[in-house]
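Heads up: the structure comes next, in structure tokens.
Number of protein chains: 2
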Amino acid sequence: MARTTPELIAAKRDGHALSSDDIAQLIAGFVRGDVADYQMTAFAMAVFFRGMSPEETVALTLAMRDSGTVVDLSDIPARKVDKHSTGGVGDKVSLALAPMVAACGVAVPMISGRGLGHTGGTLDKLEAIPGFSVDLSIARFRELVRDVGTCMIGQTAELAPADKRLYALRDVTATVESIPLIVASILSKKLAEGIDGLVLDVKFGSGAFMKTPEQARALARNLVDVARGGGKDCVAWLTRMDRPLGRTVGNALETIEAFELLHGRGPDDLREVTLTLGASMLVMGRVAADEAVARAMLLAAVADGSAAKVARAMVAAQGGDPRAVDDPAVFPAAPLRVPFRAAATGTLLTIDTHAVGIAGVEMGAGRARTTDTIDPAVGFVFERNVGDKVSTGDAIAWVHARDEASAARAIERLTRAVGVGEGAAEEVPLVLERVG
Amino acid sequence: MARTTPELIAAKRDGHALSSDDIAQLIAGFVRGDVADYQMTAFAMAVFFRGMSPEETVALTLAMRDSGTVVDLSDIPARKVDKHSTGGVGDKVSLALAPMVAACGVAVPMISGRGLGHTGGTLDKLEAIPGFSVDLSIARFRELVRDVGTCMIGQTAELAPADKRLYALRDVTATVESIPLIVASILSKKLAEGIDGLVLDVKFGSGAFMKTPEQARALARNLVDVARGGGKDCVAWLTRMDRPLGRTVGNALETIEAFELLHGRGPDDLREVTLTLGASMLVMGRVAADEAVARAMLLAAVADGSAAKVARAMVAAQGGDPRAVDDPAVFPAAPLRVPFRAAATGTLLTIDTHAVGIAGVEMGAGRARTTDTIDPAVGFVFERNVGDKVSTGDAIAWVHARDEASAARAIERLTRAVGVGEGAAEEVPLVLERVG
């Protein structure tokens, strides 16, 4: 006999495992409205304290996936592999990665999010391209994945609506920070995309949700296990987020920087993370026997221009100006560029990456609330990074701002966010390890 | 600066103490609608796991008290003392206690609840008296406390509305079983009554919310400390609820049995609990120097008829037939009386008192849901109790039922609820100890 909602909440509260049927009943009831929001948040708080077994997390993920449309891409002969990052500051990897991987013969159906809080979002970066639309129908999405090899859209109301509603509630009830709820939220959407496999970039450090490698490892392990429990190939990479990735923060600046990779330019750290994730995607997509071969294929796709060609095709198909892939002048630019200068001489020891993200949000590069609007032009270009020597007066970064006042506020925040001192910065590996 | 609601929930979730201002802000926001139900239930679940300090519980209690009217009885010269029981099966103490205490010169303003689940409620028992109304205005309540010495009404919308709303949410979110939330719920209403002091009957055993003396002691300690923190005199008694109190279960049957006490009759256990609680009320009401004197006064008020006289006056003033105090024939009676007979010979070792309560609910003596209606006539009269010898075929109880089918179902439940066997029943003291 099915248990009542209070009985299910009590079972979780008391540390008993719920069955797949229990969880399916709860989520189906939530979507129908039989399970009230105030019951779902009490349940979420009980999960915060009690956790969930891998089996429970799989059941929650699948129940949320099944709350909406599950895209069927089975008529596309290529393997379908997506990438997901747990989010960070300056993380523009997807914009270069998807065309590079698609150029190598693996389809990349990518349903992404918007930025909220200190982290940016792929959709906001794409929308810095004049004309680019992320609001395509599922039918059009399927066409582009088939014909172009990749397509990048936003979460539609049809995909995992239970996740969308639950996330909105978690956001205002202090129940975001729960690994099973995070895992189910991420994977319910990804499992609804029609993919065969998923490569995860789980970040750790001051700009990441997970501050330590241990936390990131635990999240990665959970994500990989649950994705596999949901019938998908999955591996995760732990990568550092103790400083911005690449040199830029801000939507147009980041998109320009990502497209640099497609021309064989761009910063080393961004290239390395992109190649690491991309290589796993090619292996998972069964077009490369191992990661060494896969890396060579990705570099070849850049060298022969095929990656840039896919990028142009994707941008054009989604209504954007395809010259954006090659010409930074296509993007909106901020009227003001003001240097953020070092106040002391020494080594750049630390960057509070979360604070850098917040400084960007305050300028308009991100959102404090979901209803905030984005200014695509503003942001930062870093000249120095953690470990670099600086002298008083050196430009550590350039602030691209809408006006003097916002530039001044950003510089004040950046001043507090960087630590310059004696000695060497702590060595943190860019790519720490693979999980799964 | 005031913290946001998610910040307050997160603070409790992470085990940090909230200030009185934090808690007042939360409850005031809840009453205004700024704090959503789904936030309040997440908070309640966090309290379930993290508990509350005595200071926090006092703050919560006072904030909920102050969400509505606080009755002012200061123009009544007598000390005002109420009694509250944590609830059990057959607990009809208030009906005899209030007139006895009032007859001795202590005013008893009593705002009671209805039965829900396996436990009965004072209001339902009073309504078994033809014509009796528990829905009086606060103004009329004040008049009767002053003129009659006692008045028994239900919780009005004016008193502690935050508690009423929060309780309704807790009931469907598995957040009832939290000592600070229980304490604040009980005491916010009691502190709104305009009393000087409160005597608590905290029950333990199979028919009580607290199954063990240890749990009951912890609840009693909390209740006493928080009531005192709220500026009231308070003591608690731990009394057993491993069997029905008195011989009857059911609204008319229990009211008749309680009124027996006012005539010097009735079962010993019911009299003893009533005298124990009443003696504390007289001492707290400063009309008796100690409990021995107080007991003698209560017995004298029974012997000289003054307790019964107060009861008649109260019943009449609340619209009921005052002959009910003296004549059981005034009450509705069930058409059917069917014996529940012992199936074996031996000692009556245990009664699953919770199951007895549920058997009563199923017959119509109580409510499974707040919207269920009560049949005042139905219930049980026990002939034997825990520790008594029984022989196969002896009537352990009489089932007063509306029809054969409900009687048969009740007998089936009672059969499973009693344990007859060899040896002696465990000795459990009726009144275990005083707390505070």
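Residue numbers (the working numbering), protein chains in the order written: chain A, 1 to 436; chain B, 1001 to 1436.
C-beta atoms are modelled at their ideal positions from N, C-alpha and C, and glycine is treated no differently.
Non-local C-beta neighbours of I76 (chain A) in its own chain, meaning closer than 7 Å and more than five positions away in sequence, comprise A107, V145, R146, ordered along the chain. With a cutoff of 8 Å on beta-carbon distance, V1202 (chain B) and A1236 (chain B) are scored as near each other.
Using a Cβ-Cβ cut-off of 7 Å, I1009 (chain B) is close to T173, A174 of chain A, given in chain order.
The DSSP-derived three-state label of R114 (chain A) is coil. Annotation: Cβ neighbours of L1169 (chain B) in chain A (cutoff 7 Å, chain order): Y38. When C-beta distances to chain A are compared with 9 Å, the residues of the segment 1006-1033 of chain B below that value are P1006, E1007, L1008, I1009, A1010, A1011, K1012, R1013, D1014, in chain order. Cβ-Cβ distances below 8 Å link G319 (chain A) to G131, F132, S133 in the same chain, with the five nearest sequence neighbours on each side left out; the list follows chain order. Taking the Cα positions, S1112 (chain B) is about 7 Å away from Q1155 (chain B). A368 (chain A) does not reach chain B, its nearest Cβ partner there being about 12 Å away, counting only Cβ pairs nearer than 8 Å. In terms of CA proximity to A1303 (chain B), B:L1261 leads the group B:L1261, B:R1337, B:R1032, B:V1293. For E1433 (chain B), DSSP records a beta bridge to B:L1238.
The beta carbon of M45 (chain A) falls within 8 Å of a beta carbon belonging to chain B, placing the residue at that interface. Contact with chain A is found for T1041 (chain B), since one of that chain's Cβ atoms lies less than 8 Å from the residue's Cβ. At least one CB atom of chain A sits nearer than 8 Å to the CB of F1048 (chain B). L126 (chain A) is a Cβ neighbour of M152 (chain A), given a cutoff of 8 Å. About 19 Å separates the beta carbons of T1212 (chain B) and F1048 (chain B), which is beyond the 8 Å limit, so they are not a contact pair. For the options B:A1313, B:M1110, B:M1363, the alpha carbon positioned closest to that of D1196 (chain B) is the one of B:M1110.
Assignment of beta-bridge partners to P376 (chain A) by DSSP yields no partner. M314 (chain A): member of the alpha helix (DSSP H) spanning 306-317, first to last residue. Your pair V1378 (chain B) and A1401 (chain B) checks out as a contact, with CB atoms roughly 6 Å apart and the cut at 8 Å. As summarised for the segment 156-240 of chain A, the continuous beta strand (DSSP E) elements at least 3 residues long and confined to that stretch are 197-204, 233-240, given in chain order. Taking the CA atoms as reference points, A1036 (chain B) sits about 11 Å from L1166 (chain B). In this structure, DSSP gives S1053 (chain B) a state outside helix and strand, which the three-state scheme calls coil. A distance below 6 Å between beta-carbons, with the five flanking residues on each side excluded, links T41 (chain A) to the following residues of its chain, in chain order: L169, T173. Fewer than three pairs of CB atoms, one per stretch, sit closer than 8 Å, so the segment 265-273 of chain A makes no contact with the segment 226-234 of chain A. In this chain, the alpha helix (DSSP H) harbouring H1354 (chain B) covers 1353-1363. When the five nearest sequence neighbours on each side are left out, the beta carbons in the same chain lying within less than 7 Å of the beta carbon of Q39 (chain A) are those of T5, I9, in order along the chain. Under DSSP, M152 (chain A) shares a beta bridge with A:M110.
Remark: C-beta atoms of G421 (chain A) and L336 (chain A) do not approach each other more closely than 8 Å. Contact check for K1092 (chain B) against G1305 (chain B) fails: the beta carbons are separated by 8 Å or more. Here the C-alpha atom of L1299 (chain B) lies approximately 21 Å from the C-alpha atom of D1327 (chain B).
Nearest Cα to A24 (chain A) within the set A:E412, A:E55, A:P244: A:E55.
CA-to-CA, the gap between R1265 (chain B) and V1325 (chain B) works out to about 13 Å.
Taking 8 Å as the cut-off, the beta carbon of A63 (chain A) is found closer than this to the beta carbon of I27 (chain A).
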